[in-house]
Amino acid sequence: MNKQKRHTIVAVVGNPASNNGKGAKAGSRVLDLLNERGRAHGFAAKDLTGETVTESIANMQAAQGTYDYLIVVGGDGMVSLGVNAVANSGTPMGIVGVGSGNDFARGLKLPVNRIETAVEGIVGAIVCGSCMDIDMGYVSGQNLADAMPGAGDAGLGNGRFFAGMLSCGIDASINDRANRSRLPGGSLRYFAAVLAELLHMKRYGYHVEATTADGTVEEWDMATPLLTVANSRHIGGGIEVSPYSSLDDGLLDMVWMNRMPGCVELMRALRHAYDGRLLASRFLSWQRVRSVSITRSADGDEPPTAMADGECVGPLPLHVESRKQMLRVLLPPAVVNWHRGRRGKEQIDQFIARDGRAI
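Here full-length UniProt numbering is used: the first residue of the sequence shown is 1, the next is one more, and so on.
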């Protein structure tokens with residue numbers, strides 16, 4: 001007797017509590033659209049969304065191995081949950097970016113706050129088998145906040161993956177302030193938080209030990225307001241803190257302030273926060289790294305609690321590594337071609353040359 005082939009299952013997880021209930025509506029709409037399209041293309045959608053984030057995590061853990069694709073509906077926090085659920089598993093993840101930041105979706109060149117367009121792209125990717133394996137950041141530490149689901153299953157120890165950026169300085173304080181803001185619109189909340197935090201910048205003390213792109217180990221102390229370790233380009237609803245980041249080069253990009261800027265320099269830099277020219281500012285330093293360990297130095301102020309993808313990670317010390325091709329993501333064929341083709345690489349090289357940086 002021949003066994004009947006298992007139906008393809010597309011799991012969907014969202015955050016019903018986000019954005020004053022709009023998250024629940026978005027998740028329901030995505031589920032309806034996927035079931036409607038699935039009838040024509042031979043797949044069924046399965047809802048893993050719980051009434052709380054904790055319940056959603058439990059649902060994903062319980063359902064591991066029972067679905068063929070995982071679709072996350074929301075912002076970077078939901079992407080973080082999804083990444084840690086399927087990283088290193090080979091299960092493709094799709095993103096419907098309808099959160100406050102949507103920075104990782106932007107970096108992938110996916111539609112933001114357009115549910116129907118995002119779902120059409122996901123369905124097209126499923127039908128065509130169109131995926132791309134991309135890098136992840138992985139952070140571990142002695143006092144890490146509760147680990148995300150599945151991260152330990154990748155054989156990388158007690159830590160978590162992040163898709164976008166690990167924020168260790170004023171960037172973490174901005175993220176925290178934006179999360180607590182009651183202002184409408186993600187980009188507005190983040191930009192208001194940037195202005196508020198810049199008014200009372202501190203010089204946080206760090207000891208950094210970095211393994212650079214060529215394998216050289218460098219070690220130094222710094223007292224700086226800003227320290228970011230980036231896998232993707234954007235933070236804060238579209239601010240391009242790391243415009244040279246590539247998602248498949250096996251490297252992370254470290255960005256920090258090398259000195260306290262003056263008011264004119266800050267205002268000039270803020271004008272370029274969204275156009276990819278931020279690193280033309282000379283008070284910012286940039287270096288590509290394979291890994292970096294960050295501890296507290298004797299000098300400088302106590303750094304804030306680090307954050308990754310908008311979620312609390314924990315205090316120093318922390319160790320960060322690039323993990324090559326750790327996530328398989330659903331992307332329409334045209335988007336995959338852009339990332340894999342010369343256009344994406346040439347754009348980054350042009351940005352670096354334009355800003356007078358040395359690779």
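Note that beta-carbon positions come from the ideal geometry of N, C-alpha and C, so glycine has one too.
Here the structure is a predicted model, which means the values were calculated and not measured.
Practice item. Classify Trp220 as buried or exposed, calling it buried when 16 or more other Cβ atoms lie within 10 Å of its own Cβ. Key: In summary, Trp220 is exposed, with fewer than 16 beta-carbon neighbours lying within 10 Å of its beta-carbon over all protein chains present.
Exercise for review: Spell out a yes or no on whether the segment 200-214 and the segment 251-267 are touching, meaning 3 or more CB-CB pairs, one atom from each, closer than 8 Å.
Suggested key: With three or more CB-CB distances shorter than 8 Å, the segment 200-214 counts as touching the segment 251-267.
Review point. Less than 8 Å separating the beta-carbons of Asp47 and Val12?
Key: Result yes, Cβ atoms of Asp47 and Val12 sit closer than 8 Å.
Check your understanding: Which whole-angstrom value describes the C-beta separation of Asp135 and Ser322, a residue pair presumed to lie in contact below a C-beta threshold of 8 Å?
Key -> The pair is a contact, with the Cβ atoms about 6 Å apart (cut-off 8 Å).
Exercise for review: Count the C-beta pairs between the segment 44-58 and the segment 287-301 that are closer than 8 Å, then say yes if the count reaches three, no if not.
Suggested key: Too few Cβ pairs lie closer than 8 Å, so no.
Check your understanding: Can you list, in chain order, the residues of its chain whose CB lies under 7 Å from that of Pro16, leaving out five sequence neighbours each side?
Key -> Counting only residues of its own chain and dropping the five nearest sequence neighbours on each side, Pro16 has a CB closer than 7 Å to the CB of Gly23, Ala24, Gly27, Thr49, Glu51.
Practice item. Scan the segment 186-224 and note each continuous alpha helix (DSSP H) run of 4 residues or more that stays entirely inside, going in chain order. Key: Taken in chain order, the unbroken stretches of alpha helix (DSSP H) that lie wholly in the segment 186-224 and span 4 residues or more are 186-198.
Review point. Got a sec, what are the start and stop residues for the beta strand (DSSP E) Gln325 sits in?
Key: For Gln325, the uninterrupted beta strand (DSSP E) run begins and ends at 318-330, by DSSP.
Check your understanding: Given Gly99, which residues of its chain have a CB within under 6 Å of its CB, disregarding the five upstream and five downstream residues?
Key -> Cβ within range, chain order: Gly74, Gly75.
Check your understanding: What does Leu234 pair with, by DSSP beta-bridge criteria?
Key -> Correcting the residue identity first, residue 234 is His in this sequence and not Leu. Glu240.
Check your understanding: What three-state label does DSSP hand Gln350 in the structure shown?
Key -> Correct three-state label for Gln350: helix.
Exercise for review: Return yes when the Cβ of Val229 is within less than 8 Å of the Cβ of Ile235, no when it is not.
Suggested key: Their beta carbons are not under 8 Å apart, which means Ile235 does not touch Val229 by this criterion.
Check your understanding: Do the CB positions of Ser167 and Ala269 come within less than 8 Å of each other?
Key -> Cβ distance not < 8 Å, so Ser167 and Ala269 don't count as in contact.
Check your understanding: Per DSSP, which one or two residues make a beta bridge with Thr49?
Key -> The partner list for Thr49 (beta bridge, DSSP) is empty, contrary to what the question assumes.
**Study point:** DSSP three-state assignment for Cys312, whether helix, strand or coil
**Key:** The DSSP-derived three-state label of Cys312 is strand.
Check your understanding: Residues in its own chain within less than 8 Å of residue 362 by CB, not counting five upstream and five downstream?
Key -> Missing from the structure shown is residue 362; the chain here goes from 1 to 359 and no further.
Review point. Using the beta-carbon count (16 or more within 10 Å), is Met267 buried or exposed?
Key: Per the 10 Å Cβ criterion, exposed.
**Study point:** Gly310 versus Met326, Leu316, Gly237, residue with shortest Cα-Cα distance
**Key:** Ranking the options by Cα distance to Gly310, first place goes to Gly237.
Exercise for review: Indicate the three-state DSSP secondary structure (helix, strand or coil) for Thr228 in the structure shown.
Suggested key: Strand at Thr228.
Exercise for review: Would you mind sorting Glu218 into buried or exposed? The rule is 16 or more other CB atoms within 10 Å of its CB.
Suggested key: It counts as exposed.
Review point. What first and last residue would you give for the beta strand (DSSP E) that runs through Thr295?
Key: Unbroken beta strand (DSSP E) run through Thr295: 284-296.
Review point. Can you tell me the Cα-Cα spacing of Glu36 and Val112, whole angstroms?
Key: If you take the alpha carbons of Glu36 and Val112, they lie about 22 Å apart.
Review point. Quick one: is the Cβ of Phe161 within less than 7 Å of any heavy atom of the ligand PLP?
Key: Here there are no bound small molecules, and the ligand PLP is not part of this structure.
Practice item. Let me know if Leu110 comes out buried or exposed under the rule of 16 or more other beta-carbons within 10 Å of its beta-carbon. Key: Looking at its Cβ environment, which holds 16 or more other Cβ atoms inside 10 Å, Leu110 is buried.
Review point. Excluding the five sequence neighbours on either side, which residues of its own chain have a C-beta within less than 6 Å of the C-beta of Pro315, listed in chain order?
Key: If we look at Pro315 and ignore the five residues flanking it on each side, its Cβ neighbours are Asn143, Thr305.
Review point. Are Val83 and Phe161 closer than 8 Å when you measure CB to CB?
Key: The answer is yes: Cβ separation under 8 Å.
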